[in-house]
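Just so you know, we're using the UniProt record's numbering here: the sequence shown kicks off at 1 and counts up by one. Note that CB positions come from ideal geometry on N, CA and C, so glycine has one too. As the structure is a computational prediction, the values presented were derived from the model and not from experiment. Notes follow the structure.
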Amino acid sequence: MKNYKNSDYALNKFSEGIVYKFSDGIVEVTLTDYLRDNPEKTEADFAELKALSDAIYYKQDREDSAKTRRNISLHSVETTEQCSTLPLEDEWIETNNLRYAGQAVQGLLESGILTEVQQRRFVLHIVKGLSFRQIAQMEGISHKNVAKSVYLAIQKLKKLFKELG
């Protein structure tokens with residue numbers, strides 16, 4: 001096995017066997033070990049298990065990576081005792097903007113401008129915060145189709161904003 005630092009996915013992907021990483025060490029199950037312990041199994045069974053293991057580690061790696069990107073801490077902010085807040089005027093403007101945006105979204109949804117599909121995807125992405133890929137996985141389509149649909153809904157929302165002033 002090569003040293004792939006702390007990436008479980010890379011460690012498993014580039015090794016001959018299936019890798020299990022524990023707090024006290026790493027265990028690699030090779031084809032020989034697998035066939036010895038499971039005489040009724042074949043190389044194809046091991047290959048299928050290896051592919052499944054790679055897929056699980058890959059999904060876990062992507063989730064960890066996304067989580068890390070969103071949670072990068074600012075150095076030395078943890079020790080700061082003062083709290084930074086917006087000036088009152090900015091807070092008032094932000095509150096009003098959120099209220100107007102909510103009214104515009106509600107107007108867009110009630111106006112009938114959006115198709116049923118656009119409306120569903122818009123709500124899932126903008127309101128519920130799901131990614132295009134998550135929505136695409138739920139609907140069994142490509143993420144590009146979801147992105148295009150939501151983009152068109154946003155264009156319609158911008159047009160509605162212009163009309164409202």
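Neighbourhood of residue i by C-beta distance below 7 angstroms, restricted to the same chain and skipping five residues each side
| i | result |
| --- | --- |
| residue 108 | 114, 156, 157, 160 |
| residue 122 | 114, 150, 153 |
Buried/exposed call for residue i, threshold 16 Cβ in 10 Å
| i | result |
| --- | --- |
| residue 26 | exposed |
| residue 168 | Look at the range of the chain in this structure, 1 to 165, and you will see that residue 168 is not part of it. |
| residue 22 | exposed |
| residue 135 | buried |
Close beta carbons around residue i, own chain, < 8 angstroms, minus the five adjacent residues each side
| i | result |
| --- | --- |
| residue 28 | 1, 15, 16, 17, 18, 19, 20 |
Residue-chain proximity (residue i, chain B), Cβ-Cβ < 7 angstroms
| i | result |
| --- | --- |
| residue 100 | Given the protein chain composition of this structure (a single chain), no chain B is represented. |
Residue of the options minimising C-alpha distance to residue i
| i | options | result |
| --- | --- | --- |
| residue 148 | 112, 32, 119 | 119 |
| residue 124 | 112, 111, 150, 104 | 150 |
| residue 106 | 139, 126, 64, 132 | 126 |
Whole-number beta carbon distance between residue j and residue i, since they are thought to touch under 8 angstroms
| i | j | result |
| --- | --- | --- |
| residue 12 | residue 54 | 6 angstroms |
| residue 31 | residue 43 | 6 angstroms |
| residue 24 | residue 61 | In fact, because the Cβ distance is near 22 angstroms, the residues do not count as touching under 8 angstroms. |
Close beta carbons around residue i, own chain, < 6 angstroms, minus the five adjacent residues each side
| i | result |
| --- | --- |
| residue 130 | 124 |
| residue 110 | none |
| residue 34 | 46 |
| residue 36 | none |
Take every Cβ of the stretch 91 to 106, pair it with every Cβ of the stretch 135 to 151, and state whether three or more of those distances are shorter than 8 angstroms.
Because the criterion of three Cβ pairs below 8 angstroms is not met, the stretch 91 to 106 and the stretch 135 to 151 do not touch.
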